[in-house]
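Residue numbers (this note's numbering): 258 to 794.
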C-alpha cells in the first residue's frame, strides 16, 4: 500500500482533478493518451455529477489507450470519499494497476497550486480573501466525520484544524490567503451580500482596465463587496497570475475574493454577472463567416457552462465580436436562463455617437440624451439622431445640417475605432472598458426620467416590428434591479426604418450562419457583405 499525503487533497473530487490534469506531473507518460483520458473524464462527469477540467480536448481512439483509461477508472473508483478526512496525514491507497504507468508520488507536487500568506492588514480590511489557481469543482456528494470519530481514530481536533488551515493556505495566493477573525461589532454593517463577477478574456487589454474599475466600486457602489472570477486559457494562466498580483497590490477594500482558471464550469459557478470579453480577433484573410463559426463555438461552450453552474439570475454582457450573434448563441445554449439576462455591448457605439453630436452642437456631452444605437454592432448599425436630444431639445432642432446627420455622422461613429488605431497603434481597450461599466451601471441604477440607453437584447416580443429571435440593439430603461424594459415612445420615419431593416437582414443572415451552434439545423451562410467595424479586424 502506497502512502499518499493528504494535506493538498482536501476531498476525493480534488484528487480526481489532479489525476486528470496530466500536464507538468506527467501522470500518464504517453502524451497521446491525455486527450482520451480527458474525454473519458467528461463522460464520467455526465453520469456522476462531476464537471470536466477542460472541455476543449478531443478524444483519440487507440486500443492501448482505452486500456489505460479503464485502468484509470478502476483506480479512481478505488478511492473513498475524503471530503472531511483531510485531517489525516496519509491515506492507504492500493498501488495502480499495471496497465497504468503512473507515479503517484508526483501528485504531491502539483504546480497548479501555489500559496503564501502575509500578515494582517488591520481591522478595516478584515475578511477572508482568496485567489484560487485552477480551483477544483465542488463535489456533488460529501462525507462527514464528527469530532468524536476523529478522536476515536486518534486524530486530535486541534491537529485536524491546524491541518485544514495549512491546506487552505496552500491553495491560495498572496494576501488573499489571510483569514482575519473579528468581533461582531467590528464588521462593516453596511456591506451587502457578495456579488460574484466572472470575466472571460481576463488577461486581455480591455480587462486590464475593467477589473480595477470593478474592484474600486465604480459599478456597484462603495458599500458592495465583490468577488472577481477570471477566466483565461492555458496560454494566459501566468498573465492571470500577474493580474491577481496587481489586484493584490491595489489594496481594494471591496475586493473580497479573486479566482483564476481556465475552466468555465469552475469560474462561472454562482456568477451573478458574466462579462464575456474573450474572443478570437479577426486576422488578415479571415472572413466574417469564419469568425462567426470560430467565436461561436467559444460562446456556445460558455453558454452551456453558465446554464449549468451560474446563478439563475446571472446577467451576461457579451463583448467579444461579432457580439450580437455571439450573444444569441450563448443564450440559445443556456435554455434554463432567461433570455432577458443576455446583452450584446453596443454602449461604446452610443458613447461615440453622443460625443460626435456634442462636438457638432458645441456643447458638453452630458447635454446629449436619448441616444439609441439600433441593430448590429457592425457597419449596418444605426445611430438614431431622430429621437436623440441635446439639452432637452430634438437634435434636428439644434443641428440643422441634415446632410451631416444622415451621412457623415454615422460614418464618423463607425470609423472611430479605425481612426484611433491609426493614431495610437492599438485598439480602444480603455474606452471599451468604460462602456462596459456604463452598461452595467445602467442596469443597477434607475434610468433618469425621460432618458434611455442602448443595449443589444433578445427581440422576441419587441414593440417595433423588428424580426424576432435575434439579438438587436434597442432603447431600454431600467428600474435599477438588473432588469430592463423596452422604450415604446420612440419616433420612426422612413429613413430610420429602412436602415433598421438593413441591419435586421444582416443579423438574420448571421443567425443562419450559426444554426449548427444554436440547435436550429445545418448552417447556411449568405452574408450580404463584409460589415466588420474598422478597428476590429
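Glycine residues also receive a C-beta, built at the ideal position from the N, C-alpha and C atoms. Note that the structure is predicted; figures quoted are calculated from it, not measured.
Under the DSSP definition of a beta bridge, which residues are partnered with residue i?
i: residue 743; result: 733
i: residue 556; result: In the DSSP output, where bridge partners are listed per residue, residue 556 has none listed.
i: residue 774; result: DSSP lists no partner for residue 774.
i: residue 711; result: 732
i: residue 629; result: 641
i: residue 651; result: 646
i: residue 530; result: 454, 572
Can you name, in chain order, every residue of its own chain whose Cβ lies under 7 Å from the Cβ of residue i, other than the five neighbours on each side?
i: residue 719; result: 731, 743
i: residue 313; result: Any reading at residue 313 needs caution, since the residue's pLDDT is 34, under 50, leaving its predicted position unreliable; the model's value is listed next. Nothing listed; no residue qualifies.
i: residue 670; result: 606, 609, 610, 613, 640
i: residue 778; result: 772
i: residue 534; result: 456, 457, 458, 461, 463, 464, 576, 577
i: residue 509; result: 472, 473
i: residue 554; result: 774
i: residue 737; result: 701, 702, 703
i: residue 497; result: 459, 460, 487, 489, 517
Quick one: give me the first and last residue of the beta strand (DSSP E) that residue i is part of.
i: residue 606; result: First-last for residue 606: 604-618, but that is the alpha helix (DSSP H), not the beta strand (DSSP E).
i: residue 589; result: Element bounds for residue 589: not the beta strand (DSSP E) but the alpha helix (DSSP H), 580-589.
i: residue 518; result: 512-518
i: residue 499; result: Careful: residue 499 lies outside any beta strand (DSSP E), inside the alpha helix (DSSP H) at 494-507.
i: residue 600; result: 599-601
i: residue 575; result: 572-575
i: residue 486; result: 483-488
Could you check whether residue j and residue i sit closer than 8 Å to each other, using their CB atoms as the reference points?
i: residue 589; j: residue 716; result: no
i: residue 581; j: residue 713; result: yes
i: residue 490; j: residue 524; result: no
i: residue 761; j: residue 579; result: no
i: residue 476; j: residue 694; result: yes
i: residue 700; j: residue 545; result: no
i: residue 703; j: residue 735; result: yes
i: residue 593; j: residue 747; result: no
i: residue 602; j: residue 630; result: no
i: residue 656; j: residue 617; result: yes
i: residue 469; j: residue 507; result: yes
Return the residue from the list the options that minimises the CA-CA distance to residue i.
i: residue 637; options: 757, 490, 579; result: 757
i: residue 471; options: 514, 651, 581; result: 514
i: residue 673; options: 581, 689, 710; result: 689
i: residue 619; options: 652, 591, 628; result: 652
i: residue 495; options: 629, 517, 573; result: 517
i: residue 662; options: 507, 753, 784, 547; result: 753
i: residue 549; options: 572, 499, 565, 585; result: 585
i: residue 556; options: 569, 599, 568; result: 599
i: residue 521; options: 667, 558, 594; result: 558
i: residue 529; options: 501, 537, 483; result: 483
i: residue 538; options: 684, 617, 561, 501; result: 684
i: residue 563; options: 511, 507, 667, 595; result: 595
i: residue 627; options: 497, 466, 707; result: 707
i: residue 480; options: 507, 722, 511, 583; result: 511
i: residue 710; options: 570, 507, 741; result: 741
i: residue 665; options: 642, 633, 649; result: 642
i: residue 633; options: 501, 759, 502, 450; result: 759
i: residue 745; options: 583, 722, 755; result: 722
Going along the chain, which residues of its own chain have a beta-carbon closer than 8 Å to the beta-carbon of residue i, five neighbours each way excluded?
i: residue 765; result: 724, 727
i: residue 527; result: 453, 566, 567, 568
i: residue 587; result: 533, 556, 557, 559, 560, 563, 573, 575, 599
i: residue 739; result: 570, 572, 700, 701
i: residue 597; result: 714, 715, 740, 741
i: residue 659; result: 653
I'd like the list of long-range same chain contacts for residue i, defined as Cβ closer than 6 Å, with 5 residues on each side in sequence excluded.
i: residue 456; result: 464, 487, 532
i: residue 418; result: Low per-residue confidence applies at residue 418: pLDDT is 48, beneath 50, and the placement is therefore not dependable, though the value from the model is reported in the following sentence. Nothing meets the Cβ criterion.
i: residue 769; result: 781
i: residue 499; result: none
i: residue 625; result: 611, 614, 615, 647
i: residue 697; result: 476
i: residue 591; result: 560, 563, 564
i: residue 786; result: none
List the endpoints of the continuous alpha helix (DSSP H) containing residue i.
i: residue 466; result: 462-472
i: residue 657; result: No alpha helix (DSSP H) contains residue 657, which DSSP labels as neither H nor E.
i: residue 678; result: 666-681
i: residue 453; result: That residue, residue 453, is in no alpha helix (DSSP H); its beta strand (DSSP E) goes 452-457.
i: residue 689; result: 686-701
i: residue 521; result: 521-524
Please confirm whether residue i has its beta-carbon closer than 8 Å to some beta-carbon of chain B.
i: residue 486; result: The structure shown contains no chain B; it is built from a single protein chain.
With hydrogens ignored, establish whether the beta-carbon of residue i is closer than 7 Å to any heavy atom of the ligand MG.
i: residue 615; result: As far as ligands go, the structure on display features none, and thus does not contain the ligand MG.
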